[in-house]
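Those protein sequence lines, which keep their order, are chains S and R. Residue numbers for the first sequence follow the numbering used here, so the first one is 3 and each next one is one higher. Residue numbers for the second sequence follow the numbering used here, so the first one is 35 and each next one is one higher. Working notes for the structure below.
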Amino acid sequence: MSADAVNTGSRTTRLLGSAVLVGVLALILLGFFGAPEDDEQADAVRMIFVHVPSAFLTYAALATTALGSVMWLWKRSRWWDVVAHSSAEIGVIFCGLTLFTGSVWGRPTWNTYWDWGDVRLVTTLILFLMLVGYLALRSAGGDENAVATRAAVVGLLAAANVPIINRSVEWWANRTLHQKSSLTDGNLEDLTLFTLVVGIVVWALFFVWAMIHRFRIGWLEHQLQAVDLETALAQRRAEATAESTGEANQ
Amino acid sequence: MTGELTPRAPRPLRSRKAPWVALVIALAVVVAVAALIVNLVEGSLYFYNADEAVEERSDIGDRRFTLQGSPIGCSIVEGFSDDAPVVAFSLSFGGSSVDVVHHGDPADLFQADVPVVLDGVWVEQPPVVEGFSGIANDGWHFSSDRMRVKHDNDYINDDEYDERLALSDAGADSTEVVCEA
Numbered sequence: 003m004s005a006d007a008v009n010t011g012s013r014t015t016r017l018l019g020s021a022v023l024v025g026v027l028a029l030i031l032l033g034f035f036g037a038p039e040d041d042e043q044a045d046a047v048r049m050i051f052v053h054v055p056s057a058f059l060t061y062a063a064l065a066t067t068a069l070g071s072v073m074w075l076w077k078r079s080r081w082w083d084v085v086a087h088s089s090a091e092i093g094v095i096f097c098g099l100t101l102f103t104g105s106v107w108g109r110p111t112w113n114t115y116w117d118w119g120d121v122r123l124v125t126t127l128i129l130f131l132m133l134v135g136y137l138a139l140r141s142a143g144g145d146e147n148a149v150a151t152r153a154a155v156v157g158l159l160a161a162a163n164v165p166i167i168n169r170s171v172e173w174w175a176n177r178t179l180h181q182k183s184s185l186t187d188g189n190l191e192d193l194t195l196f197t198l199v200v201g202i203v204v205w206a207l208f209f210v211w212a213m214i215h216r217f218r219i220g221w222l223e224h225q226l227q228a229v230d231l232e233t234a235l236a237q238r239r240a241e242a243t244a245e246s247t248g249e250a251n252q
Numbered sequence: 035m036t037g038e039l040t041p042r043a044p045r046p047l048r049s050r051k052a053p054w055v056a057l058v059i060a061l062a063v064v065v066a067v068a069a070l071i072v073n074l075v076e077g078s079l080y081f082y083n084a085d086e087a088v089e090e091r092s093d094i095g096d097r098r099f100t101l102q103g104s105p106i107g108c109s110i111v112e113g114f115s116d117d118a119p120v121v122a123f124s125l126s127f128g129g130s131s132v133d134v135v136h137h138g139d140p141a142d143l144f145q146a147d148v149p150v151v152l153d154g155v156w157v158e159q160p161p162v163v164e165g166f167s168g169i170a171n172d173g174w175h176f177s178s179d180r181m182r183v184k185h186d187n188d189y190i191n192d193d194e195y196d197e198r199l200a201l202s203d204a205g206a207d208s209t210e211v212v213c214e215a
């Protein structure tokens, strides 16, 4: 395998990576110095610029995993299986970040890091655990196709949780501690809204950048396994040929 | 191709793990789904709104439960009970009001008209906090020891906020129940 074949970077990823770095810098400047503080929450409101984009990208990652899982189950496409796996790995990071930033934001505003009675909090935690389970299943080993099929089922179950999480603040409107959607139902200052949109764009660019790299790693692993199999077959054939040649010479 | 091609015993898969690993993971997924369902069902009873808590007071009895409502600005009194800080106030929701004695410091964002979620029990006696008379004044109060603030999704920086807050604290707010002079 050539050196180029094992390098997951490309001109596109380098451009994307640069855009993410510039975007993060812009987000820090806007988030800390541009956007105004909130009347009630004061500076704690700035957590929204990380928390909401992380939640959005968790949904996007799960949607991608669900699509890849469906395509694997339907077409038995290894390409889509690698897409599903890659997206789930990135999704678990975003989901963990959503839980962490939500918890940190909750302490000064709700007066608690966590509340077991809140539907959105607990369903998000369950999504995180399901994603961890998905990755554990992937690493458990066994027949490659069987693992992909089992993971696809778990991936689809996890993705089914996403609409429940998203709609929970509407369905349990008077029964939840978590506020309703900030983007669709909220009342935001212009610069707060702008910074929030910047955060979502930056996180989306990071998702694409990370997906490309992780997919290429996954695809190279798949190719490496195929090469291993071809090598093993060639060795077996060579052994058989050598044995038959030896018998003929005797 | 010639030579020995009789089937040989397959080599073990490189990453083959014990079958119980898959079983444990499957079980964990089932538990996660079950927890999800239980949470969704119980989420519908996460807290009683003030009107429901008053209506179902006899059914609730002395059981610990969670109460939700909006503090009424003019009723808020902070004080001490046995040298421990308490905050007494009345809250309202759905046209009913409840007198509350919260044991401990109030939450940072605790203020009039911003809903609170409280854990505690019904106590069949009027609240005894100096300077607090209570708006419900029905011989009961809710004794709370855990407070969360249920803030909304408005993120506003209003120059007139301090003035509005002062008006709210003075009782000139939009609360349905008006304090007596």
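Think of the CB as a built atom: it goes at the ideal place given N, C-alpha and C, for glycine as much as any other residue. The model shown is predicted, which means the values in this text are computed figures rather than measured ones.
Chain S contact for residue i (CB, 7 Å cutoff)
i	result
Ala84 of chain R	no
Asn171 of chain R	no
His137 of chain R	no
Leu70 of chain R	yes
Val151 of chain R	yes
Arg182 of chain R	yes
Ile59 of chain R	yes
Val63 of chain R	yes
Ile190 of chain R	yes
Asp142 of chain R	yes
Asp179 of chain R	no
Alpha-carbon to alpha-carbon, residue j and residue i
i	j	result
Ala68 of chain S	Phe130 of chain S	15 Å
Leu133 of chain S	Gly93 of chain S	8 Å
Gly36 of chain S	Arg122 of chain S	30 Å
Thr151 of chain S	Ser130 of chain R	55 Å
Ala86 of chain S	Met73 of chain S	9 Å
His180 of chain S	Val132 of chain R	23 Å
Gly95 of chain R	Trp156 of chain R	7 Å
His215 of chain S	Thr100 of chain R	47 Å
Val24 of chain S	Ala62 of chain S	22 Å
Pro119 of chain R	Arg97 of chain R	24 Å
Asp186 of chain R	Trp211 of chain S	34 Å
Asp45 of chain S	Met181 of chain R	21 Å
Asn147 of chain S	Gly248 of chain S	39 Å
Gly165 of chain R	Ser124 of chain R	13 Å
Leu31 of chain S	Trp116 of chain S	29 Å
Trp54 of chain R	Lys182 of chain S	42 Å
Thr60 of chain S	Asp85 of chain R	37 Å
Leu193 of chain S	Arg13 of chain S	33 Å
Residue i at chain R interface by Cβ criterion, 7 Å
i	result
Leu190 of chain S	yes
Ala138 of chain S	yes
Lys77 of chain S	no
Val200 of chain S	no
Trp112 of chain S	yes
Asp40 of chain S	yes
Met49 of chain S	no
Ile92 of chain S	no
Val106 of chain S	no
Leu222 of chain S	no
Ile219 of chain S	no
Val124 of chain S	yes
Met3 of chain S	Low local confidence applies: a pLDDT of 44 at Met3 of chain S is under 50, so the model's placement there is unreliable, and no value is given.
Val229 of chain S	no
Where residue i sits in the DSSP three-state scheme
i	result
Gln159 of chain R	coil
Leu190 of chain S	strand
Tyr136 of chain S	helix
Ser246 of chain S	helix
Phe51 of chain S	helix
Tyr80 of chain R	coil
Arg177 of chain S	coil
Ala142 of chain S	coil
Arg78 of chain S	coil
Ser4 of chain S	Caution is warranted here: a pLDDT of 47 is assigned to Ser4 of chain S, below 50, making its placement in the model unreliable, and the coordinate value is therefore given only provisionally. Three-state result, Ser4 of chain S: coil.
His175 of chain R	strand
Tyr189 of chain R	strand
Asp120 of chain S	coil
Asp230 of chain S	helix
Asp40 of chain S	strand
Cβ-Cβ separation, residue j to residue i (assumed contact under 8 Å), whole Å
i	j	result
Trp112 of chain S	Val183 of chain R	6 Å
Phe127 of chain R	Asn83 of chain R	4 Å
Tyr80 of chain R	Arg177 of chain S	5 Å
Gly103 of chain R	Asp147 of chain R	With 8 Å as the limit, Gly103 of chain R and Asp147 of chain R do not qualify as a contact, their Cβ atoms being about 11 Å apart.
Val124 of chain S	Asn73 of chain R	4 Å
Ser178 of chain R	Gly154 of chain R	4 Å
Ala154 of chain S	Leu75 of chain S	5 Å
Cβ-heavy atom distance, residue i to the ligand GDP, below 6 Å
i	result
Tyr61 of chain S	This structure lacks the ligand GDP; in fact it carries no ligand of any kind.
ask   = Mind pulling the alpha helix (DSSP H) runs of 4 or more residues that sit fully within the stretch 88-172 of chain R?
value = 91-94
task = Check each residue of the stretch 162-196 of chain S: if its Cβ is closer than 8 Å to any Cβ of chain C, include it; give the result in chain order.
result = No chain C is part of this structure, whose protein chains are labelled S and R.
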